[in-house]
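**Q** After the structure tokens below, expect a handful of questions from me.
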Amino acid sequence: MTEEQIKEMEKRLIKSMEKVVQNTMRQEMETLKKELEEQRKKVDKLEKCNYELSKNVNDLQQYIRRENVLITNYPQQPNENIERIVCKLGESIGVKIDFKQDIQAAHRNPSRAAVQPILIRFVNRQIRNKFAQAGREKKLRISENKLYFNDHLTPTNSKLFFEARKLYKTKKIKGAWTSNGTVLVRRDENSQPIKIHHMDDLKPFQVSYSAAIST
1 MTEEQIKEME KRLIKSMEKV VQNTMRQEME TLKKELEEQR KKVDKLEKCN YELSKNVNDL
61 QQYIRRENVL ITNYPQQPNE NIERIVCKLG ESIGVKIDFK QDIQAAHRNP SRAAVQPILI
121 RFVNRQIRNK FAQAGREKKL RISENKLYFN DHLTPTNSKL FFEARKLYKT KKIKGAWTSN
181 GTVLVRRDEN SQPIKIHHMD DLKPFQVSYS AAIST
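Just so it is clear: in the sequence shown, position 193 is 193 by full-length UniProt numbering, and no numbers are missing.
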């Protein structure tokens, strides 16, 4: 066998080996791609399950708070009588309160605020809703402090409402409020209220309301 023939055989062998290596690598890449896609599907499924679980837990926590009203800005005094305060508020807004029959519990709710809000838990939603609605309509002031009769929101819903209010203050939406523990927003005066369950639900409202109506 001549030297030229040997070199030709070497070339063929090298090409053959290259093809084998390329085919092997291609197969391994395809296998890795499939495995990666399967992992992505599993991660997506887990993220969806986690989202649903978190939402269900939050909904349950909010449901537990359905008979509660949170009153903010009521001046705090040493040795104050919460029962008397609640009954007096009821008189001021035209809703008579029998503390022993209508109220399950009432106390200052620990918070970072300078004045801790008063948390009232009613025995049923009917009297609770009547009290909350009357309080909001009356717009009471105590020592120049405007009182707010709020839904008792979960930490998650409180954060959602805080972000929604920021959009309202920067005129990116026409309104933001809560109803029975649900955060709602309105794009403009003619649009329907939209329920907010997640931060992603607020993303479509990043374009300001004032800019939208001027175009």
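Every residue gets a Cβ at the ideal spot worked out from N, C-alpha and C, and that includes glycine.
Counting along the chain, where does the beta strand (DSSP E) carrying L119 start and finish?
**A** Here residue 119 refers to the residue found at position 119 when the sequence shown is read from its first residue. Run containing L119: I118 to F122, per the beta strand (DSSP E) assignment.
**Q** To the nearest angstrom, how far is it from the Cα of H107 to the Cα of K48?
**A** As a first step, residue 107 must be located in the sequence shown, where it is residue number 107. As a first step, residue 48 must be located in the sequence shown, where it is residue number 48. One C-alpha to the other measures close to 38 Å.
**Q** Look up L32 in the DSSP assignment and say whether it is helix, strand or coil.
**A** For the purposes of this step, residue 32 is identified with residue 32 of the sequence shown, where counting begins at 1. Of the three classes helix, strand and coil, the one that applies to L32 here is helix, per DSSP.
**Q** Take the Cβ of F131 as the centre, count every other Cβ of all protein chains shown within 10 Å, and call the residue buried at 16 or more, exposed below.
**A** Here residue 131 corresponds to residue number 131 of the sequence shown, with the count starting at 1. It is buried - the Cβ of F131 has at least 16 other Cβ atoms within 10 Å.
**Q** Give the range of the beta strand (DSSP E) segment to which V183 is assigned.
**A** The residue you call residue 183 lines up with position 183 of the sequence shown. Segment T182 to R186, the beta strand (DSSP E) holding V183.
**Q** Specify the secondary structure class of Q104 as computed by DSSP and reduced to three states.
**A** As a working note, residue 104 is residue 104 in the sequence shown. Correct three-state label for Q104: strand.
**Q** If I measure Cβ to Cβ from I142 and keep anything under 8 Å in the same chain, skipping five residues before and after, which residues do I get?
**A** In the sequence shown, residue 142 corresponds to position 142, counting from 1. Same-chain partners within the cutoff: N73, Y74 and P75.
**Q** Kindly indicate the opening and closing residues of the beta strand (DSSP E) around A176.
**A** Taking the sequence shown and counting its residues from 1, one reaches residue 176 at position 176. Element bounds for A176: G175 to S179.
**Q** Return the residue from the list Q206, I93, L184 and I97 that minimises the CA-CA distance to V123.
**A** Your numbering for residue 123 matches position 123 in the sequence shown. Measuring from the Cα of V123, the nearest candidate turns out to be I97.
**Q** By the three-class DSSP mapping on this structure, what secondary structure does R40 have?
**A** Taking the first residue of the sequence shown as position 1, residue 40 is located at position 40. Three-state DSSP puts R40 in a helix.
**Q** Express the C-alpha separation of D59 and E37 in angstroms, rounding to a whole number.
**A** As a working mapping, residue 37 is identified with position 37 in the sequence shown. As a working mapping, residue 59 is identified with position 59 in the sequence shown. Computed Cα separation, rounded: 33 Å.
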